[in-house]
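What follows is a set of notes on a single structure, which appears directly below.
Residue numbers (the numbering used here), protein chains in the order written: chain S, 5 to 153; chain E, 86 to 504; chain P, 1000 to 1267.
As structure tokens, then:
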């Protein structure tokens, strides 16, 4: 009659105990939505998506300033978003009484300053050689650059 | 060319030269000294265990004196292995997630299970089977706290009949056999962590796990020799020269194998000259000159190879005392050299940009959780634990001594064989 | 006393206990599914991630290096000052030495502060420049992403709608994903102590808005769209039809989904 040695019995019981403790811990410590879409917490998608957007976006400006957007569409600046030049506009969207700060000429130079690295399709100027002392908007209409003011 | 200097002046901030990705411009490398220390510690565990398994699996009786010392060394280092990782994590309080939701495609996820398996099913189990008889006897002869500790470790199994002791010996042997691939897994997965990163040409290499395992075996064996000699000196007894010579021989073989594979890695890189070779070559020649060429290659590999090789060739012509001196200094060099190797891999891999166009340079801090001080403490801690183990489990005043031969028959204790 | 306690009985009880414990995870997944259906959140309602597949494309010839995308991203996502979820690189390729027979001279790459304030003029004289261009970089949202492959806990993943995301409430901050990314787009966020990277402005695209960088870009260098729901005259579809495209570091097998047109061989 085979008798299980006492060492083996003791060790087998210990092993079973450890394995059970592991699976119990695993049950309690695994987050509820884990594995919903893949090996991650399904709730993470909602958590990441719940952040508040910062930039309003062109479509939002279009709801009130449709004529300007239509004007933009006629010329080279058609791809621009309003906030690219006018800055973050959420505060104005929430309360249209609050006006956005005035534009400055450095905004134009940021894109249009000549550089050998910039592509040839872009109209570029060297600021200290191009009508120094004057403001860009004296000769150029930002919303429709092919027009003269 | 003038333009080189000009462009470098424009972009040259204190931390980098050439071009590095903006996200690589950090004050410290992401995987810092703590991640250098971690593979060092697990490597010592694996290597010490391999030394111990030479006794059980390959039945080398001459190595009996260091059997228990090697196992206890492995255990002392194993207990500290998780500490560098915990200190390094951004969220150590979430560390349990690695065992609760392990992502099996990640080698790092294997850590929890491999560590638990090796600690419990290999190290502790083998030690238990070897010490069980002593625990039963010591729990009767000792008093107070020590008696309680020994009694607890018997796990209530007090059967000391001949069949039970035979089973102990047999189980010890089986676990040793299982333990060898487990030891390779314990340290090999760390090498795989680096070897699997194809984004980094210094790391992503099929030889990386092999190199890690081999240098781990070398470092562990060197540690066994080193601690054995230190312990003999501390206890004012002469070391068993047969044991030492045999250990040094195996250390030499392991070192030859390790040097060959590491040399092969370099040879292959230089020969196939793939995309990143320019940046890697200047990395090795400039930023890693002292740690790689001097520290790891020269002092850590070449000098021990030549010294130990000379002893192998000349045999007993060199006096015992001189052999001991050579062994002690070589193992110290090897231990430093393997630490340098971990440094070169971990830190070296983060010194150049993944754009392959530039280098970063970092300053080592003394304090702080990525600083010198903490890492030195973490390397010293296992030695403190080992001292405690030796006091409780390898003390000279304990009545029975550890030379258990497979089969459960204890030989008469000869003075030289005692630690 | 021991007649009623048999070995078989004990083993049966033990098996029952073990089986019960092993069945618990299955039970809790069912419970979670029910809870999920009933749960409310502040996220966009009615958004089903399995019904979209977002994609960004980059036209290198249209990038003017103004750096407004970098600024917009930082503002939108509160990116720490020294890190970048997107950035611009400037490549300056010099003329070869006269008579050397080379096709090009040395290449210089720079990205001061990620290009966030644009680029100061290069100190290389204009006559020495053979060609120069800007390349916007960001997370390539790889299909075979090495970053999500190596995450040990499942904190970074590929969402069903094609975006690789980081769950900052689950990430343990080990940094493995940051090491595994070949493109340098991941970083360790010292505020959250987790890994961080471009999320394709997930909180915007799930509400029908465009990512901040796409919105702000003045020259249509960044094109964005939904491959599963193309709109009329979809710029993304037109881009794919009209351009020869490639991904970055294609040879690594990461299958980067972000498409580039006009990439020079020097770009890494």
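Cβ atoms here follow ideal geometry from the backbone N, Cα and C, with glycine treated the same way. Predicted, not measured: the structure shown is a model, and the values here were computed from it.
Closer than 9 Å at the beta carbon, the chain S residues around residue i
{"i": "residue 284 of chain E", "result": "Those do not exist, as residue 284 of chain E stays about 21 Å from chain S at its closest Cβ, beyond 9 Å."}
{"i": "residue 181 of chain E", "result": "29 and 33"}
Chain P within 9 Å of residue i, Cβ atoms only
{"i": "residue 52 of chain S", "result": "yes"}
{"i": "residue 121 of chain S", "result": "yes"}
{"i": "residue 271 of chain E", "result": "no"}
{"i": "residue 441 of chain E", "result": "yes"}
{"i": "residue 104 of chain S", "result": "no"}
Boundaries of the beta strand (DSSP E) in which residue i is found, first to last residue
{"i": "residue 1129 of chain P", "result": "1128 to 1137"}
{"i": "residue 444 of chain E", "result": "442 to 445"}
{"i": "residue 1193 of chain P", "result": "1193 to 1195"}
{"i": "residue 1259 of chain P", "result": "1258 to 1260"}
Inter-residue Cα distance where the pair is residue i and residue j
{"i": "residue 62 of chain S", "j": "residue 1222 of chain P", "result": "15 Å"}
{"i": "residue 1122 of chain P", "j": "residue 1091 of chain P", "result": "10 Å"}
{"i": "residue 1142 of chain P", "j": "residue 27 of chain S", "result": "33 Å"}
{"i": "residue 1151 of chain P", "j": "residue 146 of chain S", "result": "52 Å"}
{"i": "residue 1148 of chain P", "j": "residue 1187 of chain P", "result": "18 Å"}
{"i": "residue 38 of chain S", "j": "residue 374 of chain E", "result": "48 Å"}
{"i": "residue 1041 of chain P", "j": "residue 1085 of chain P", "result": "The predicted position of residue 1041 of chain P is uncertain, since its pLDDT is 49 and thus under 50; no value can be drawn from it."}
{"i": "residue 1033 of chain P", "j": "residue 1208 of chain P", "result": "Note that residue 1033 of chain P scores 48 on pLDDT, short of 50, meaning its location in the model is unreliable and no value can be drawn from it."}
{"i": "residue 1262 of chain P", "j": "residue 1134 of chain P", "result": "8 Å"}
{"i": "residue 208 of chain E", "j": "residue 264 of chain E", "result": "8 Å"}
{"i": "residue 112 of chain E", "j": "residue 1081 of chain P", "result": "10 Å"}
{"i": "residue 1237 of chain P", "j": "residue 1137 of chain P", "result": "22 Å"}
{"i": "residue 139 of chain E", "j": "residue 120 of chain E", "result": "29 Å"}
{"i": "residue 1267 of chain P", "j": "residue 259 of chain E", "result": "52 Å"}
{"i": "residue 323 of chain E", "j": "residue 329 of chain E", "result": "11 Å"}
{"i": "residue 192 of chain E", "j": "residue 1174 of chain P", "result": "13 Å"}
{"i": "residue 1055 of chain P", "j": "residue 1062 of chain P", "result": "14 Å"}
{"i": "residue 332 of chain E", "j": "residue 357 of chain E", "result": "37 Å"}
Residue i - partner residues in DSSP beta bridges
{"i": "residue 1091 of chain P", "result": "P/1107 and P/1131"}
{"i": "residue 1164 of chain P", "result": "P/1156"}
{"i": "residue 103 of chain E", "result": "E/443"}
{"i": "residue 334 of chain E", "result": "According to DSSP, residue 334 of chain E bridges with nothing at all."}
{"i": "residue 1222 of chain P", "result": "P/1056"}
{"i": "residue 1187 of chain P", "result": "P/1194"}
{"i": "residue 437 of chain E", "result": "E/444"}
{"i": "residue 117 of chain S", "result": "S/129"}
{"i": "residue 1115 of chain P", "result": "P/1117"}
Under 7 Å from the C-beta of residue i: neighbouring residues of chain P
{"i": "residue 104 of chain E", "result": "1108 and 1109"}
{"i": "residue 154 of chain S", "result": "Limits of chain S in this structure are 5 at one end and 153 at the other, which puts residue 154 of chain S out of reach."}
Beta carbon proximity, residue i to chain S, threshold 9 Å
{"i": "residue 1071 of chain P", "result": "yes"}
{"i": "residue 178 of chain E", "result": "no"}
{"i": "residue 242 of chain E", "result": "yes"}
{"i": "residue 1043 of chain P", "result": "yes"}
Cβ of residue i within 9 Å of any chain E Cβ
{"i": "residue 41 of chain S", "result": "no"}
{"i": "residue 1260 of chain P", "result": "no"}
{"i": "residue 1230 of chain P", "result": "no"}
{"i": "residue 15 of chain S", "result": "yes"}
{"i": "residue 1207 of chain P", "result": "no"}
{"i": "residue 1057 of chain P", "result": "no"}
Neighbour list for residue i in chain E, Cβ cutoff strictly below 7 Å
{"i": "residue 1137 of chain P", "result": "Those within 7 Å of residue 1137 of chain P in chain E number zero; the least Cβ separation is about 11 Å."}
{"i": "residue 38 of chain S", "result": "186"}
{"i": "residue 1179 of chain P", "result": "282 and 284"}
Where the alpha helix (DSSP H) containing residue i begins and where it ends
{"i": "residue 429 of chain E", "result": "405 to 431"}
{"i": "residue 269 of chain E", "result": "247 to 280"}
{"i": "residue 1067 of chain P", "result": "1067 to 1076"}
{"i": "residue 50 of chain S", "result": "47 to 53"}
{"i": "residue 387 of chain E", "result": "From DSSP, residue 387 of chain E is part of no alpha helix (DSSP H); its letter is neither H nor E."}
{"i": "residue 1234 of chain P", "result": "1234 to 1241"}
{"i": "residue 63 of chain S", "result": "62 to 68"}
Proximal chain E residues relative to residue i, where beta-carbon distance stays under 8 Å
{"i": "residue 34 of chain S", "result": "185 and 186"}
Listed by chain order, chain S residues near residue i by CB distance under 8 Å
{"i": "residue 1065 of chain P", "result": "114 and 115"}
{"i": "residue 1202 of chain P", "result": "52, 53, 54, 55, 56 and 57"}
{"i": "residue 1194 of chain P", "result": "Going along chain S, no residue has its Cβ under 8 Å from residue 1194 of chain P, so there is no contact; the nearest lies around 13 Å."}
Beta-carbon neighbours of residue i, restricted to chain E and to distances below 9 Å
{"i": "residue 30 of chain S", "result": "184, 185 and 186"}
{"i": "residue 11 of chain S", "result": "213, 214, 217, 240, 242, 244, 249, 252, 253 and 256"}
Chain-ordered chain S contacts of residue i [CB-CB under 7 Å]
{"i": "residue 1271 of chain P", "result": "Since the displayed chain P opens at 1000 and closes at 1267, residue 1271 of chain P lies outside it and no answer follows."}
Per-residue contacts from residue i into chain P (C-beta, under 9 Å)
{"i": "residue 365 of chain E", "result": "Ordered by position in chain P, no residue passes the 9 Å Cβ test against residue 365 of chain E, which lies about 15 Å from the chain."}
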